[in-house]
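With UniProt numbering applied, the sequence shown covers 1 to 63.
Beta carbons are placed, not taken as given, at the ideal position from N, Cα and C, and that holds for glycine.
Below is one structure, written out as structure tokens, with a few remarks after it.
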Amino acid sequence: MTQAQLNELIASATGDDVRDIRRLGFHLAIPIDDEWESDELDWPPQTVDWDAVEQSRNQAAQR
Numbered sequence: 001m002t003q004a005q006l007n008e009l010i011a012s013a014t015g016d017d018v019r020d021i022r023r024l025g026f027h028l029a030i031p032i033d034d035e036w037e038s039d040e041l042d043w044p045p046q047t048v049d050w051d052a053v054e055q056s057r058n059q060a061a062q063r
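Next comes the structure, spelled out in structure tokens:
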């Protein structure tokens, strides 16, 4: 699959313009090698708990 085909597929699935998809930089993931150790993939979560952030902001403002 070419990058252009991938962009078209994502754009049709999301309803977004192909230019926006291209700008966001979607790409095919590289398959993980079976020889990798599991601890090499032990990354911290890549998420934000927005409720906790908002709560800490509110507590700081009340002091």
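In the displayed model, valine 48 falls within coil according to three-state DSSP, outside both helix and strand. The continuous alpha helix (DSSP H) containing leucine 24 extends over residues 18-24. Annotated three-state conformation of isoleucine 30 is coil, per DSSP.
A direct Cα-to-Cα measurement between glutamine 3 and isoleucine 30 gives close to 14 Å.
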